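J.: Quick note: my numbering has the sequence shown finishing at residue 707, numbered continuously throughout. A virtual CB, placed ideally from N, CA and C, is assigned to each residue, including glycine. Bear in mind that the values here come from a model prediction, so they are computed numbers and not experimental data.
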Amino acid sequence: MRDALISRARSTTWRVWAAPGPAARPVGQAVGPCASRARPNTDATSIGVRPIPRPKHTSPRPEADDLRASPIRERVLVTGALGCVGAWTLKAALDAGDDAFGFDLGDRTQRLDLVLTPAEQERITLIQGDITDLDGLGRVLDEHGITRVVHLAALQVPFCRADPALGARVNVVGTVNLFEAVKQRLNRIPGVAYASSAAVYGPDDSSPAPESGGAAPATFYGVTKQTNEETARLYWAESHVPSFGIRPYVVYGPGRDQGMTSAPTLAMEAAARGEGCEIAYGGDAQYDYAPTVGVAFHRAASVREGAVVANFPGVPASMAEVVAAIEAAAPEVEGRISWIESPLPFPAELEATALERALGPLRAPALADGVHETIERFRRS
Ligand SMILES: NC(=O)c1ccc[n+]([C@@H]2O[C@H](COP(=O)([O-])OP(=O)(O)OC[C@H]3O[C@@H](n4cnc5c(N)ncnc54)[C@H](O)[C@@H]3O)[C@@H](O)[C@H]2O)c1
Numbered sequence: 327m328r329d330a331l332i333s334r335a336r337s338t339t340w341r342v343w344a345a346p347g348p349a350a351r352p353v354g355q356a357v358g359p360c361a362s363r364a365r366p367n368t369d370a371t372s373i374g375v376r377p378i379p380r381p382k383h384t385s386p387r388p389e390a391d392d393l394r395a396s397p398i399r400e401r402v403l404v405t406g407a408l409g410c411v412g413a414w415t416l417k418a419a420l421d422a423g424d425d426a427f428g429f430d431l432g433d434r435t436q437r438l439d440l441v442l443t444p445a446e447q448e449r450i451t452l453i454q455g456d457i458t459d460l461d462g463l464g465r466v467l468d469e470h471g472i473t474r475v476v477h478l479a480a481l482q483v484p485f486c487r488a489d490p491a492l493g494a495r496v497n498v499v500g501t502v503n504l505f506e507a508v509k510q511r512l513n514r515i516p517g518v519a520y521a522s523s524a525a526v527y528g529p530d531d532s533s534p535a536p537e538s539g540g541a542a543p544a545t546f547y548g549v550t551k552q553t554n555e556e557t558a559r560l561y562w563a564e565s566h567v568p569s570f571g572i573r574p575y576v577v578y579g580p581g582r583d584q585g586m587t588s589a590p591t592l593a594m595e596a597a598a599r600g601e602g603c604e605i606a607y608g609g610d611a612q613y614d615y616a617p618t619v620g621v622a623f624h625r626a627a628s629v630r631e632g633a634v635v636a637n638f639p640g641v642p643a644s645m646a647e648v649v650a651a652i653e654a655a656a657p658e659v660e661g662r663i664s665w666i667e668s669p670l671p672f673p674a675e676l677e678a679t680a681l682e683r684a685l686g687p688l689r690a691p692a693l694a695d696g697v698h699e700t701i702e703r704f705r706r707s
């Protein structure tokens, strides 16, 4: 039965994504698909661990005992730090007064430039490394006296689809490495905050999907995220490594420029330039404002018990509402953003109560405000 469900979900996905339907709104003038002007920062090549030369970090490295005695200033390592959520998690760490360390395979800092001021970037230590290298990761944790970890490094849906073996190495083995490294340092690092995804659900899950669900992913990427959750469960059960997994849905906001659901933010970027474009999916989904997602991941890094998994409490919206919010913030593109009415292969809505119960209220902005702030930031960049 389970196998049947999985194969049905997969075939639905391929049908949806291989042959999208007609544009939901005819465009007023010829526009192309929403695309990023930034070059991607994932080159999928293992390059070993070495420092990225650019940023400086000046604070001295405290001893482990001092770290335990200092509850307000943590040394937070963010893996996948040069990604969209990574940049916002680094910002959340700085805003909380912590020392921030970014770990990433790539070396392109364009998202940090969008999210952080030059003064903020000066306060961050960037380390170039590969999450699939357990020894290198352990060295980084020790050399920098890391006391909190947020694990975001991953390959998203299109990259996993293009190279499933690499996707499994990065998303599955990389996450096992992170848990293993923290397990060996529980005296200094209380647990792991990590990114799961709404992609653990499939199109046949009910909506709103129960938070306890997520058994039949429709993508290989979703399978890797589901495996991360199972990895977390077993590291708690067998080794008492606490963890907090957050499942974002569609993250939007400055820096979101790659992955299957980046098109709404790319449309905001285009709107800031006065251009329209076509979004390659439609239907109803939940929208998670990237700065708020970063705050949640930073808070989750202080987890001390259990293997918690929580959906991100995003804003449910149809694509028509997303486009209306873009047009309200950039009236010059009115009628020039179109979308394909193919829904994402996930339930439209997710139950999401566990996250704020555990981490406190996040005060996420309304969709219109988040879209407005995003377009304003693109205009200033
Ligand atoms: N963006 C979304 O809508 C969304 C939704 C659900 C879940 N997530 C998850 O949240 C996390 C962050 O998402 P994002 O949008 O910032 O992704 P992103 O693609 O923007 O960033 C991922 C980062 O991971 C880095 N990376 C890739 N392979 C690596 C390796 N081997 N070692 C070290 N770093 C490596 C990349 O260079 C990149 O900077 C990911 O785990 C993603 O799967 C994102």
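Sorted by chain position, which residues of the same chain lie with C-beta nearer than 6 Å to residue 421's C-beta, five sequence neighbours on each side aside?
T.: none
J.: Would you be able to state if there are at least three C-beta pairs under 8 Å between the segment 588 to 598 and the segment 529 to 543?
T.: no
J.: Can you check the segment 562 to 646 for any beta strand (DSSP E) of at least 3 residues that lies completely inside it and give the ranges in chain order?
T.: 569 to 573, 576 to 578, 610 to 615, 633 to 637, 641 to 644
J.: For the putative contact between residue 524 and residue 672, defined by C-beta atoms under 8 Å, what is the C-beta separation to the nearest angstrom?
T.: Confirmed, Cβ separation roughly 5 Å.
J.: Compute the distance between the beta-carbons of residue 640 and residue 410, then report whether it is under 7 Å.
T.: Against a cut-off of 7 Å, the Cβ pair of residue 410 and residue 640 comes out as no contact.
J.: Measuring CA to CA, which of 566, 548, 450, 458 is closest to residue 630?
T.: Residue 630 has its Cα closest to that of 566, out of 566, 548, 450, 458.
J.: Measuring from the CB of residue 360, is there a heavy atom of ligand 1 at a distance below 6 Å?
T.: no
J.: Assess contact between the segment 546 to 565 and the segment 675 to 690, defined as three or more Cβ pairs (one per stretch) separated by less than 8 Å. Is contact present?
T.: no
J.: To the nearest angstrom, how far is it from the Cα of residue 674 to the Cα of residue 606?
T.: 17 Å
J.: Exposed or buried, which one is residue 541 when buried takes at least 16 other CB atoms within 10 Å?
T.: exposed
J.: Relative to the C-alpha of residue 665, which candidate in 636, 587, 600 has its C-alpha closest?
T.: 587
J.: Roughly how many whole angstroms lie between the Cα atoms of residue 626 and residue 435?
T.: 24 Å
J.: Relative to the C-alpha of residue 515, which candidate in 700, 628, 357, 659 has its C-alpha closest?
T.: Residue 628 is the option with its Cα nearest to residue 515.
J.: Taking the C-alpha atoms as reference points, what is the distance between residue 509 and residue 635?
T.: 19 Å
J.: Using a threshold of 6 Å, is the CB atom of residue 693 nearer than that to any non-hydrogen atom of ligand 1?
T.: Not under cutoff, so the answer is no.
J.: Please classify residue 512: is it buried, with 16 or more other beta-carbons within 10 angstroms of its beta-carbon, or exposed?
T.: exposed
J.: Taking the CB atoms as reference points, tell me whether residue 472 and residue 405 lie closer together than 7 Å.
T.: Their beta carbons are not under 7 Å apart, which means residue 472 does not touch residue 405 by this criterion.
J.: Using DSSP bridges, identify the partner residues of residue 663.
T.: Looking at the DSSP assignment, residue 663 forms no beta bridge with any residue, so it has no partner.
J.: Can you list, in chain order, the residues of its chain whose CB lies under 6 Å from that of residue 415, leaving out five sequence neighbours each side?
T.: 404, 476, 620, 623, 624
J.: According to DSSP, simplified to helix, strand and coil, what is residue 521?
T.: strand
J.: With a threshold of 6 Å, establish whether the CB of residue 521 neighbours any heavy atom of ligand 1.
T.: yes
J.: Would you say residue 693 and residue 575 are within 7 Å of each other, going by their C-beta atoms?
T.: no
J.: Output the distance between the C-alpha atoms of residue 425 and residue 616, rounded to the nearest integer angstrom.
T.: 20 Å
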